[in-house]
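Chemist:
Residue numbers (this note's numbering): 3 to 164.
#1: Span of the beta strand (DSSP E) holding residue 111?
#2: Are three or more beta carbon pairs between the region 42 to 58 and the region 105 to 112 nearer than 8 Å?
#3: Look up residue 74 in the DSSP assignment and say whether it is helix, strand or coil.
#4: Using only the alpha-carbon positions, how far apart do residue 86 and residue 75 sit?
#5: Closer than 8 Å by C-beta to residue 19: which residues in its own chain qualify, once you throw out the five before and the five after it? Chain order, please.
#6: Could you check how far apart the C-beta atoms of residue 102 and residue 67 are, in whole angstroms? I think they sit under 8 Å.
#7: Go ahead and label residue 146 buried or exposed: buried means 16 or more other beta carbons lie within 10 angstroms of its beta carbon, across all protein chains shown.
#8: Go to residue 33, then tell me how far its alpha helix (DSSP H) extends in each direction, as first and last residue.
#9: When DSSP labels each residue in this structure, what does residue 129 get in the three-state scheme?
#10: What residue range does the alpha helix (DSSP H) around residue 136 cover?
#11: Give the single residue among 148, 150, 141, 91 whose Cα lies nearest to the Cα of residue 79.
#12: Measure the C-alpha to C-alpha separation of residue 90 and residue 32 and round it to an integer number of angstroms.
#13: Can you name, in chain order, every residue of its own chain whose Cβ lies under 8 Å from the Cβ of residue 94, other than the five neighbours on each side?
#14: Figure out for me which residue from 63, 71, 77 has the closest Cα to the Cα of residue 92.
#15: Rounded to whole angstroms, what's the CA-CA distance from residue 37 to residue 43? Just pull it up for me.
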């Protein structure tokens, strides 16, 4: 089985950085490819799974605790570009998950659930992203923060990754 094709090249080419500029469909294809290769069931997380991994059971504001710490994740206050995966060990969530905030936004499996009073445009595929990225400030990095993204989009180097 061949590795799925990514349509846009990552801005940063170091092998230990997250792949960015990845569409939701490309992220899903990668999960399916990796599942077939490893015989494991690998998927994008649902929004609820992502939040549980980031917040734990105590409902923390950030994966590491209640207060924002700019040295705990890659944000607009730090490198101002993607960083190597795992270089912020102090930002680890209680679940053991790393890099849950900052660096690149994380695609979630499920669609955005609009409030019933709003009539969504059914021609648009609205997906959820969590975790913020390297060019966002603390409000976007909270465990409860999410973005609804109309897909497909023209991906940018700071937004979506694996």
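Each residue gets a CB set at the ideal place from its N, CA and C atoms; glycine is no exception. Bear in mind the structure is a predicted one, so any value in this text is a computation, not a measurement.
Modeler: Reading from the atomic positions:
#1: By one-based count along the chain shown, residue 111 stands at place 109. Element bounds for residue 111: 107 to 113.
#2: yes
#3: Here residue 74 is taken as the residue at index 72 of the chain shown, counted from 1. The answer is helix: DSSP assigns residue 74 an H, G or I state.
#4: Here residue 86 corresponds to residue number 84 of the chain shown, with the count starting at 1. Here residue 75 corresponds to residue number 73 of the chain shown, with the count starting at 1. Those two C-alpha atoms are separated by around 11 Å.
#5: Locating residue 19 in the chain shown gives position 17, counting from the first residue. Closer than 8 Å at Cβ, skipping near neighbours: 12, 84, 85, 86, 87.
#6: Along the chain shown, one-based indexing puts residue 102 at 100. Along the chain shown, one-based indexing puts residue 67 at 65. Not quite, the Cβ-Cβ distance comes to about 13 Å (not below 8 Å), so this is no contact.
#7: Within the chain shown, numbered from 1, the residue matching residue 146 stands at position 144. Residue 146 should be labelled exposed.
#8: Locating residue 33 in the chain shown gives position 31, counting from the first residue. Here the alpha helix (DSSP H) through residue 33 covers 26 to 40.
#9: As a working mapping, residue 129 is identified with position 127 in the chain shown. Reduced to three states, the DSSP call for residue 129 is strand.
#10: Here residue 136 refers to the residue found at position 134 of the chain shown. Segment: none, residue 136 is in no alpha helix (DSSP H) and carries neither H nor E.
#11: What you label residue 79 is simply residue 77 of the chain shown in a count that begins at 1. It is 141 whose Cα lies nearest to the Cα of residue 79.
#12: As a position in the chain shown, residue 90 is number 88, starting the count at 1. As a position in the chain shown, residue 32 is number 30, starting the count at 1. Their backbone Cα atoms lie some 25 Å apart in a straight line.
#13: Within the chain shown, numbered from 1, the residue matching residue 94 stands at position 92. Taken in chain order, the residues that qualify are 65, 66, 100.
#14: Counting from 1 along the chain shown, the entry for residue 92 is found at position 90. The candidate whose alpha carbon is nearest that of residue 92 is 71.
#15: The sequence position of residue 37 within the chain shown is 35, counting from 1. The sequence position of residue 43 within the chain shown is 41, counting from 1. For residue 37 and residue 43, the distance between alpha carbons rounds to 5 Å.
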